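Colleague:
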Amino acid sequence: MQTIPKLELDFNSIELSNEIHDVLRNIWSQGGLQQAGYGSYFQNRYAHFCGTMFAFSSSLGNALKESLVALKLPANSEVICPSWISVDHVQSIMSIGLTPVFAEINPYTLSLDYSDVSHKLSSQTRAVVLNYPFGFPADPCTYVELCKHHDMRLIEIVPSQIGSQVDDKFIGTFGDVGIFETHPNQKYSNKKDCLIVTDRTSVYEHFSKKGLHQFSQLDGILGMHFLGSFEKFAQKRKELAQRYHQCFTKILHLSVLYELANAKWVHQVYPIRMAHKLRDALMDELVFHQVQFYVPKAPAHLYSYIQNVMRPAQLLTTERLTREILYLPIDPNMTVEEQNRIIEIIFRFFQKSQVYM
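Each residue of the sequence shown is one higher than the last, beginning at 449 in our numbering.
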């Protein structure tokens with residue numbers, strides 16, 4: 449049997465073109481790396497790219513908190529959110545006197561379950577936090593209408609770079625505020641920063657007055673490089689996702705996510721789902737073959753601090769999916785040979801497990 453070559457993927461690597469190196473050398477020679485310029489220019493370009501009035505940077509730790517403050521929610525308001533977000537986001541909600549109310553996630557979109565959100569609405573609900581795990585373009589339009597009907601604010605969290613669309617509009621741009629988190633595949637920052645987009649002047653002015661909206665020169669340069677390469681990278685990600693999809697739909701006891709009819713999913717990773725015992729065994733197999741992968745972090749409602757302070761109800765679907773999901777790398781620099789190796793390892797695993805069909 450032919451030996452499969454070892455795959456080494458570095459999700460934090462940034463491939464810069466010769467032109468970017470030239471720009472960096474230029475700015476460095478002029479001592480301008482700490483001055484404003486490229487950072488602000490990139491933010492303006494990003495807003496134009498998204499189709500919003502404003503785009504600006506913030507530390508990830510401040511993003512949701514300051515967005516909620518800027519939206520001026522009444523004291524003691526409730527904010528409906530999934531538990532599949534960073535626990536820091538949940539603590540941000542609590543730190544300003546608001547109450548997070550956890551809702552279930554939909555197993556077919558991994559985003560908020562609309563029926564559970566509707567069930568948990570109360571007279572105190574003033575905002576909904578909608579996230580898009582893995583950049584999966586769940587339908588935000590129902591939440592736009594829901595929030596409009598109940599006079600609530602909608603905040604979108606996109607834990608990946610921009611790209612996925614619904615009805616030819618980028619996710620993250622449907623609500624009052626969109627937060628694009630730094631992601632391992634992100635090209636425009638290597639820090640725990642994020643990009644915020646909004647059409648609300650009051651939100652932009654709030655961040656601006658607090659000095660929370662400046663990207664560095666280097667971030668701006670990398671950002672412009674990312675925007676210039678967007679179409680090429682998006683196409684490569686699509687091709688990689690299609691190859692995974694064609695192969696993994698043939699495996700019994702392994703399920704994949706299907707793109708919505710009105711959506712375009714630019715994959716940052718490729719999620720697969722299986723029974724948790726199978727997933728744990730597959731994780732061991734991938735570790736043995738030194739293949740990089742990711743699994744969801746523990747849901748926020750299970751953290752001891754949240755349990756002690758809030759005593760939230762169980763979220764059975766959320767907890768089950770956390771144990772069953774595994775996501776595989778999709779990187780524009782991945783070669784066909786590298787992807788074939790991952791696919792073959794997984795095929796062999798299911799053959800050994802006698803569940804391959």
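Where a beta carbon is used, it is the ideal one built from N, C-alpha and C, also for glycine. This one's a predicted model, so the numbers in the text were calculated from it and none came from an experiment.
Select from S650, V592 and C589 the residue whose C-alpha is nearest the C-alpha of F502.
Modeller: When only C-alpha atoms are compared, the closest one is S650.
Colleague: Could you tell me which residues DSSP pairs with N788 in its beta bridges?
Modeller: BP columns for N788 are empty, so no partner.
Colleague: In whole angstroms, give me the CA-to-CA distance for F741 and I627.
Modeller: For F741 and I627, the distance between alpha carbons rounds to 24 Å.
Colleague: Just to confirm my understanding: we take P760, look at its own chain, exclude 5 residues before and 5 after, and list those with CB closer than 7 Å. What are they?
Modeller: Counting only Cβ-Cβ distances below 7 Å, and skipping sequence neighbours, we find F550, H749 and I754.
Colleague: Please work out which residues of its chain come closer than 6 Å, Cβ to Cβ, to H537, disregarding the five sequence neighbours upstream and downstream, and give them in chain order.
Modeller: The answer, listed in chain order, is L512.
Colleague: Go to R771, then tell me how far its alpha helix (DSSP H) extends in each direction, as first and last residue.
Modeller: Where R771 is concerned, the enclosing alpha helix (DSSP H) stretches over L764 to E772.
Colleague: Among the residues of its own chain, which have a CB less than 6 Å from the CB of V535, if the five just before and after it don't count?
Modeller: Excluding sequence neighbours, V535 sits near A748 and Y751.
Colleague: Can you give me the Cβ contacts of R721 inside the same chain, cut-off strictly under 6 Å, excluding the 5 residues immediately before and after it?
Modeller: Cβ within range, chain order: S703, E772 and I773.
Colleague: Residue ranges of each beta strand (DSSP E) run of no fewer than 3 residues wholly in the segment 589–614, ordered along the chain?
Modeller: Counting only runs of 3 or more, we get 601–606.
Colleague: Given that a residue counts as buried once 16 or more other Cβ atoms are within 10 Å of its Cβ, and exposed if not, what is G545?
Modeller: The residue in question, G545, is exposed, as its Cβ has fewer than 16 Cβ neighbours within 10 Å.
Colleague: Have a look at I528, M542 and G499 and flag the residue whose alpha-carbon is nearest the alpha-carbon of V757.
Modeller: It is M542 whose Cα lies nearest to the Cα of V757.
Colleague: In this structure, does DSSP put R759 in helix, strand or coil?
Modeller: Correct three-state label for R759: coil.
Colleague: Contact between the segment 668–683 and the segment 586–600 is defined here as three or more beta-carbon pairs at a separation below 8 Å; is this criterion met?
Modeller: Verdict: no, contact absent.
Colleague: Quick check on DSSP: helix, strand or coil for N492?
Modeller: Correct three-state label for N492: helix.
Colleague: Considering A575, what are the terminal residues of the beta strand (DSSP E) in which it resides?
Modeller: Per DSSP, A575 belongs to the beta strand (DSSP E) from T573 to N579.
Colleague: When the Cα atoms are used, what is the spatial distance from P632 to V717?
Modeller: Note that P632 scores 42 on pLDDT, short of 50, meaning its location in the model is unreliable; the coordinates nonetheless yield the value given after this. Going from the Cα of P632 to the Cα of V717 covers about 10 Å.
Colleague: Could you please give me the residues that DSSP links to C529 through a beta bridge?
Modeller: Bridge partners of C529: F550.
Colleague: Using only CA atoms, which one of V714, I793, I644 and L688 lies nearest to S507?
Modeller: Cα-wise, what sits closest to S507 is I644.
Colleague: With respect to the beta strand (DSSP E) encompassing E629, which residues constitute its N-terminal and C-terminal limits?
Modeller: Taken as a continuous stretch (DSSP letters only), the beta strand (DSSP E) holding E629 covers V625 to E629.
Colleague: Looking at S608 and L726, is the spacing between their C-beta atoms short of 8 Å?
Modeller: Going by C-beta atoms, L726 is not nearer than 8 Å to S608.
Colleague: According to DSSP, P719 sits in a beta bridge with which residue or residues?
Modeller: P719 is bridged to Y775.
Colleague: How many Å lie between L602 and L578 at the Cα?
Modeller: So the alpha carbons of these two residues sit roughly 7 Å apart.
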